[in-house]
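Let me begin by presenting the structure, written as C-alpha cells, before commenting on it.
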Amino acid sequence: MNPAHLLCDPDKVARSVLLPGDPRRSEWIADFFDNTEKVAHNREFLLFTGEYKGVPVSVCSTGIGSPSAVIALEELIMCGAKTFIRVGTCGALQENIDIGDLVIPLASCRGEGTSSRYAPPEFPAVADPDVVGSLRKAAPAAHVGIVWTDDSFYCSGAQCWHSLGILAVEMECASLFTVSLLKKVQTGAILAVDGNILLGTCKSDRKATDHTEVSQETREGIEREIEAALEAVVYLSRE
C-alpha cells in the first residue's frame with residue numbers, strides 16, 4: 000500500500016522513527032541528525048531522515064490526538080519502519096511530578112476512541128519492554144509508570160486517575176501501543192511534563208499574555224527527552 004497521507008518515498012524512511020506531535024518539533028529533532036534529508040511534508044506530517052551516532056533514524060510529526068497519530072504509524076509501518084518512540088508532552092497527575100520532568104509510560108489507559116477500532120476494551124495498551132528499557136537507560140531520572148490517554152484536552156477526570164496512581168495524561172500513547180502490538184512492531188514513549196493538572200499549572204491555566212505554548216522548563220525537558228529518545232535508538236540498534 001502507498002502512504003496516502005505521508006506522501007513519502009518508502010525507501011527514505013528509517014527502521015526507527017521518532018513521533019512528535021508538533022511539526023516544529025520534527026524540525027527540532029532533525030537538528031540533532033547528521034546527513035539530514037527532508038523526506039515529505041503533507042498536512043500535519045513532516046518527515047525527516049538522517050543519522051544519529053551513525054544509526055539511521057527518521058522523525059515524523061503526527062499532529063494532535065490519536066486518529067492522526069495512528070495514520071502516521073500505519074503508513075510508516077507500510078514503509079518498513081519497525082521501532083517507534085513517541086516524543087511528546089503530558090500533564091502530570093501526581094503532586095511530586097514537576098514541569099520539565101520526564102515520564103516513561105509502561106502502559107496507557109485507553110481513554111481515547113481510536114484503539115477501540117482495533118481491539119476490545121479488555122486488550123491492554125502496553126509499551127514494548129525493550130523500548131522502555133532503552134529509554135530508562137537513557138533517562139534514569141524519569142518517572143516510570145502508567146499514563147492515561149484521552150481524546151479531550153479540556154474535559155478532565157483527573158482526580159479519579161490521580162487516586163489510581165496514574166502519572167500523567169496525554170493524547171496518543173494508548174492508540175500507538177495498541178496498534179503496534181497488533182502490527183508486531185516496537186513502540187514506546189517518553190513525555191516531557193508541561194504542567195501539573197492537580198496543582199493548576201497546566202497549559203490551559205496559564206495567563207493569556209503568555210504567547211508561547213510551553214514554558215522554558217518544558218522546553219528544557221523536551222530537549223532532554225529528544226536526546227534520551229535518540230540514545231535509546233542507538234541502544235536498540237546494538238541489541
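Numbering (numbering that gives the first Met the number 0), first residue to last: 0 to 238. Glycine included, every Cβ here is placed at the ideal spot set by N, Cα and C.
Are the stretch 112-119 and the stretch 168-184 in contact at 8 Å, needing three or more beta carbon pairs? Short answer: they touch.
Under a Cβ-count criterion, where at least 16 other Cβ atoms within 10 Å of its own Cβ denotes burial, should A231 be classed as buried or exposed? buried
Helix, strand or coil: which one does DSSP assign to R109? strand
If you scan the stretch 40-114 from start to end, which runs of the alpha helix (DSSP H) of 4 or more residues do you find wholly inside it? 65-77
Residues that L17 bridges to, as DSSP identifies them: V58, I84
Give the single residue among A167, I70, E121, F122 whose Cα lies nearest to the Cα of N1. I70
Within the stretch 115-194, ranges of the alpha helix (DSSP H) (whole runs, at least 4 residues): 128-137, 157-162, 172-182
Measuring alpha carbon to alpha carbon, tell me which of P119, D129, D97 ends up nearest A167. D97
Would you report the Cα separation of A207 and L181, rounded to the nearest angstrom? Confidence is the limiting factor: at A207 the pLDDT is only 49, short of 50, which leaves the residue's position unreliable, though a coordinate-based value still follows. Using only the alpha carbons, I get a separation of about 42 Å.
Looking at the structure shown, is T211 part of a helix, part of a strand, or coil, going by DSSP? coil
Distance CB(V54)-CB(I28) smaller than 8 Å: By the CB criterion at 8 Å, V54 and I28 fall outside the cutoff.
Using alpha carbons as the reference points, say which of L190, L197, L198, Y234 lies closest to T217. Here the closest residue by C-alpha is L190.
In angstroms, rounded to a whole number, what distance separates the CA positions of A39 and D8? Between A39 and D8, the C-alpha separation is close to 8 Å.
In three-state DSSP terms, what is T35? strand
Which of helix, strand or coil does DSSP assign to P9? helix
Any 3 or more C-beta pairs closer than 8 Å across the stretch 95-109 and the stretch 139-148: yes
Report the option in F152, E74, P139 whose CA atom is closest to the CA atom of G110. The candidate whose alpha carbon is nearest that of G110 is F152.
Pull up the distance between the alpha-carbon of K202 and that of G194, whole angstroms please. 6 Å
Excluding five sequence neighbours on each side, which residues of the same chain lie with their C-beta closer than 7 Å to the C-beta of G220? G99, D100, L101, A191, V192
Return helix, strand or coil for T217, following the three-state DSSP convention. helix
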